[in-house]
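Sequence order for the protein chains is A and B.
In our numbering, each number is its position in the first sequence, counted from 1, plus 7.
In our numbering, each number is its position in the second sequence, counted from 1, plus 493.
For each residue, glycine too, the CB sits at the ideal point set by N, CA and C.
Here is the structure we will look at, set down as structure tokens.
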Amino acid sequence: MVFSSLLFMFIYLPVVLAVYYVVPSKWRNVWLFIVNLVFYGWGEPVYIVLMLFSITVNYAAGLLIARLKGDGSKAKRVLVACVVVNLALLVFFKYYDFIAENLSFIPFIRPLGLTLPIGISFYTFQTMSYPIDVYRGDADVQKNYVRFGTFVALFPQLIAGPIVRYKDVANQLAFRANDREQFASGVRRFIVGLGKKVLLANNIGMLWDVYKAMPAGELTVAGAWLGIIAFSLQIYFDFSGYSDMAIGLGRMLGFEFLENFNYPYISKSITEFWRRWHISLSTWFRDYVYIPLGGNRKGLARQLLNILVVWALTGFWHGASWNFLLWGLYYAVWLTIEKLFLLKLLDKSKIISHIYALVVVIVGWALFAIDDFGDCVRYVGTMFGAGAAGFASSDVLYYLRSYGPSLVVMIFACTPLGALAMKKLPRRAAAIAVPVLILIVLVISTAYLVDGTYNPFLYFRF
Amino acid sequence: MKKGAPLAQILVFVIFIAAFAVLNLVTPARTFSEQENRYLAQAPKFSFSALFDGSFTESFEKYVTDQFFGRDLWVAGKARAERAAGKTENNNVFFCADDTLVERFSEPDPAQLAANIDAVNALAANTDADVYLALIPGAAAVWADRLPANADCADQLAVIDEVYSRVDAETIDIAGALQATADEYIFYRTDHHWTSLGACYASERILSAFGAQAKLPQAFAPETVTTEFYGTAWSSSGATWVAPDSIDIYVPQGGAVVKNYPHGAEEDGTLYDMSRLETKDKYSMFCGGNTPRLRVDTGNEGPHLLVLRDSYFDSELPFLLGSFSTIDVLDLRYFRTSVADFIRENDIDAVLVIYSVSNFSTDTSVFLAGR
Numbered sequence: 008m009v010f011s012s013l014l015f016m017f018i019y020l021p022v023v024l025a026v027y028y029v030v031p032s033k034w035r036n037v038w039l040f041i042v043n044l045v046f047y048g049w050g051e052p053v054y055i056v057l058m059l060f061s062i063t064v065n066y067a068a069g070l071l072i073a074r075l076k077g078d079g080s081k082a083k084r085v086l087v088a089c090v091v092v093n094l095a096l097l098v099f100f101k102y103y104d105f106i107a108e109n110l111s112f113i114p115f116i117r118p119l120g121l122t123l124p125i126g127i128s129f130y131t132f133q134t135m136s137y138p139i140d141v142y143r144g145d146a147d148v149q150k151n152y153v154r155f156g157t158f159v160a161l162f163p164q165l166i167a168g169p170i171v172r173y174k175d176v177a178n179q180l181a182f183r184a185n186d187r188e189q190f191a192s193g194v195r196r197f198i199v200g201l202g203k204k205v206l207l208a209n210n211i212g213m214l215w216d217v218y219k220a221m222p223a224g225e226l227t228v229a230g231a232w233l234g235i236i237a238f239s240l241q242i243y244f245d246f247s248g249y250s251d252m253a254i255g256l257g258r259m260l261g262f263e264f265l266e267n268f269n270y271p272y273i274s275k276s277i278t279e280f281w282r283r284w285h286i287s288l289s290t291w292f293r294d295y296v297y298i299p300l301g302g303n304r305k306g307l308a309r310q311l312l313n314i315l316v317v318w319a320l321t322g323f324w325h326g327a328s329w330n331f332l333l334w335g336l337y338y339a340v341w342l343t344i345e346k347l348f349l350l351k352l353l354d355k356s357k358i359i360s361h362i363y364a365l366v367v368v369i370v371g372w373a374l375f376a377i378d379d380f381g382d383c384v385r386y387v388g389t390m391f392g393a394g395a396a397g398f399a400s401s402d403v404l405y406y407l408r409s410y411g412p413s414l415v416v417m418i419f420a421c422t423p424l425g426a427l428a429m430k431k432l433p434r435r436a437a438a439i440a441v442p443v444l445i446l447i448v449l450v451i452s453t454a455y456l457v458d459g460t461y462n463p464f465l466y467f468r469f
Numbered sequence: 494m495k496k497g498a499p500l501a502q503i504l505v506f507v508i509f510i511a512a513f514a515v516l517n518l519v520t521p522a523r524t525f526s527e528q529e530n531r532y533l534a535q536a537p538k539f540s541f542s543a544l545f546d547g548s549f550t551e552s553f554e555k556y557v558t559d560q561f562f563g564r565d566l567w568v569a570g571k572a573r574a575e576r577a578a579g580k581t582e583n584n585n586v587f588f589c590a591d592d593t594l595v596e597r598f599s600e601p602d603p604a605q606l607a608a609n610i611d612a613v614n615a616l617a618a619n620t621d622a623d624v625y626l627a628l629i630p631g632a633a634a635v636w637a638d639r640l641p642a643n644a645d646c647a648d649q650l651a652v653i654d655e656v657y658s659r660v661d662a663e664t665i666d667i668a669g670a671l672q673a674t675a676d677e678y679i680f681y682r683t684d685h686h687w688t689s690l691g692a693c694y695a696s697e698r699i700l701s702a703f704g705a706q707a708k709l710p711q712a713f714a715p716e717t718v719t720t721e722f723y724g725t726a727w728s729s730s731g732a733t734w735v736a737p738d739s740i741d742i743y744v745p746q747g748g749a750v751v752k753n754y755p756h757g758a759e760e761d762g763t764l765y766d767m768s769r770l771e772t773k774d775k776y777s778m779f780c781g782g783n784t785p786r787l788r789v790d791t792g793n794e795g796p797h798l799l800v801l802r803d804s805y806f807d808s809e810l811p812f813l814l815g816s817f818s819t820i821d822v823l824d825l826r827y828f829r830t831s832v833a834d835f836i837r838e839n840d841i842d843a844v845l846v847i848y849s850v851s852n853f854s855t856d857t858s859v860f861l862a863g864r
């Protein structure tokens, strides 16, 4: 199930909220536990078994690690075993077919064609943080199975993040206040996310589809840039829209999740971009891979190697395909260059550094969005004139005119200006404007969902 | 923030989702959408096998979307929102000048096009009867000047040129006739079909290919049978602000005897089924809509013609009555037996293959012409 669907908004959510606020608070986690499984199993009911298995293994590992705490080496063995089980499930379901296709010269190794369990990359990382945090002493053991299961399968962030670490929500699993302002801020945040996904991302996504489908011989330089800029906007509004909806839904249920996006497209370096883009994933890799590998404490050469490892993994996390690995390595290279000397130079001009960062990110999205290597090289080549069918053609004029107003709105929405303006609004004006805006976004989004000819889910490979 | 403010925000949201949740629950399901001209999804039957293969949840989501309270208004609202956002198209239909809606034509799949060309060539090789091919360009080509500036739409005339250069049949220049009269009402503004007037202009080219003389529109006394025709482009675009079309009949049925074979057995047919004017799909008034086979005994002198065609021909047929003794009309989507046998058994003198460019480049049943 996805948030931006009529089923979720007009059946699932009203029922979940109604029962949640009617039952006594001690039953709320049980109710969430049940509806989480319904949400997760909606597309593939069989995988509920996988989810329950994952919950049980990590729950038991947490108990064992806590009990063996006096005996460090035994606790470590349990932790390693648990991490191996988690990663084995992820590798099997997500990467087995990719490995099999690349090793097809070995007899009996054949792709299985299994459906990827929805959100497995998100919840595996989320779940794994628990035994690690318990082992490190960063979190207390959770003895209540339902509470732990509620954390693992919590529907708001289950399928597309943010990746919530156990220690960040441990206390909220035991106690959540009923706070009207928190619920209202949840509504506002959900509406922002819904608008981003349904009205902005789906809209500009159709423009990317036009250029993605265009045969290489017809693509012009301007067309290639317009297409990939459309994708850059689509992936940002889609992904950050999901995170906004997740954070908003979390607040409606009394949870506070950490922020996941912080206006990434206003960055003035790639280093800054990755502090603003998918923050929960970079934080996860920093805390559980980069720092354990030694981070920046073991000399420059080791630090650069660590960057390479982390970004190769980050790329590969996004999907079982070579282009995602390439995309990760592309960022490793830029981050290394910045670390070595570029960052100091970039401080000298705000405008040039901003343009530099945007161009690097936009070219990066071409590597991300086109999974066939040959097509990808041709597309990026066209952006820089190689093999292009001229600079521009009439289709660029048509689509610039058609999407012009949308593009202006979206570029504005990439900046913090809108949020600043809302804060500056006098109280009385806000008391009227905010509910009205909520209603407008709800009504228009519903219209787009009812005529839902185009509503893709981009994270089926994550 | 004041205490009252968050409550208003919560109420707007909660009431909105709760109200539509309840309205969806209490309103009965509709079977057919007049506006969209299609059957709507119904509640799927639950079974564990359907649940586990994913078909239940998929059908259920379609059902929720199709039966959403006030669906028609939402769909029309979305089209208006798109237009307000500066878009000049919605769901692959262009909003054009002169209150006209035109469906996008996409670059044909070369393999499908080649297969259909091969089928026409195979037909010409199979039979001694003369084979004629007529491709009808759509409004996207003939009314290109009404499209939004620089509209991204593939070139149908180039497709016609390509097909005509590769077929062994005698080709008929329908595009020329329609382009010469492009400033007249030759296509419906809300539908992909041509009007009777467009079909009348085309008949001049078709009949002259057979050495016969066509009548000009001025020679007829057209009768307007409806002014309330909302076509397929209107339905799929949601552009409810566009005014309806009217449908005219030019040629009275006269002494022509029409037999229809909707399920194999012979039934009485008609050139004009007036009862269809009560339904949404008013164009199906011509010949009573899709059918595998029609036979018209015209009561006139002339050769026996076989027509392999799509629905554009339904409104062309009346203009051909005067020049043939019998006209057999096959729709290969439904008529699945050998065309070569049919030609032999029925003593056919000439075969006319007549399709819109759009259908000829996408239809997967044209290959039957060569069987």
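Candidates the options: closest to residue i by CA position
i	options	result
SER696/B	THR683/B, PRO710/B, HIS685/B and HIS686/B	PRO710/B
GLY394/A	TYR386/A, SER400/A and SER401/A	TYR386/A
GLY248/A	HIS285/A, LEU201/A and TYR405/A	LEU201/A
GLY381/A	ALA223/A, ASP354/A and LEU427/A	ALA223/A
ILE4/A	THR422/A, LEU207/A and LYS81/A	Given that chain A is displayed from residue 8 to residue 469, the structure contains no residue 4/A and the question cannot be resolved.
LEU770/B	THR520/B, SER739/B and SER804/B	SER739/B
VAL507/B	GLY77/A, ILE286/A and LEU256/A	LEU256/A
ILE314/A	LEU333/A, LEU352/A and LEU300/A	LEU300/A
ASN793/B	ALA705/B, THR719/B and GLU596/B	ALA705/B
CYS421/A	GLN241/A, TYR405/A and ILE447/A	GLN241/A
VAL98/A	LEU311/A, GLU345/A, HIS325/A and ARG309/A	HIS325/A
Residue i - containing beta strand (DSSP E), residue span
i	result
ALA184/A	No beta strand (DSSP E) holds ALA184/A; DSSP gives it neither H nor E.
HIS797/B	797 to 802
PHE722/B	716 to 722
Beta-carbon proximity check, residue i vs residue j, cutoff 7 Å
i	j	result
ILE369/A	SER239/A	yes
TYR681/B	THR674/B	no
THR473/A	SER401/A	Outside the modelled stretch of chain A, which goes from 8 to 469, sits residue 473/A, for which no answer is possible.
GLU188/A	THR122/A	no
ALA612/B	GLY863/B	yes
ILE127/A	PHE100/A	yes
ALA647/B	PHE588/B	no
PHE553/B	LEU13/A	no
Proximity test, Cβ basis, 7 Å: residue i and chain B
i	result
GLU188/A	yes
VAL415/A	no
ALA167/A	no
THR429/A	The residue asked about is misnamed: residue 429/A is Met in this sequence, not Thr. Not closer than 7 Å to any Cβ of chain B, the Cβ of MET429/A fails to qualify, so no.
SER136/A	no
MET16/A	yes
GLY77/A	no
LEU161/A	no
VAL457/A	yes
TRP38/A	no
Chain A contact for residue i (CB, 7 Å cutoff)
i	result
GLU771/B	no
GLN502/B	yes
VAL568/B	yes
PHE828/B	no
LYS571/B	yes
THR550/B	yes
ASP840/B	no
Residue i CB to nearest heavy atom of the ligand GDP below 6 Å
i	result
GLN502/B	Among the components modelled here there is no ligand, and therefore nothing to report on the ligand GDP.
Segment limits, alpha helix (DSSP H) that includes residue i
i	result
SER413/A	401 to 420
LEU787/B	Unbroken run through LEU787/B is the beta strand (DSSP E), 786 to 790; no alpha helix (DSSP H).
Quiz item: Below 8 Å, can you find three or more Cβ-Cβ pairs linking the region 38 to 52 of chain A to the region 225 to 236 of chain A?
Solution: no
Quiz item: Are the region 49 to 61 of chain A and the region 101 to 109 of chain A touching by the rule of at least three beta carbon pairs closer than 8 Å?
Solution: no
Quiz item: Taking one C-beta from the region 619 to 633 of chain B and one from the region 647 to 661 of chain B each time, how about it: are there three or more such pairs within less than 8 Å?
Solution: yes
Quiz item: Using 8 Å as the threshold, is the region 156 to 170 of chain A in touch with the region 253 to 270 of chain A, meaning 3 or more CB pairs across them?
Solution: yes
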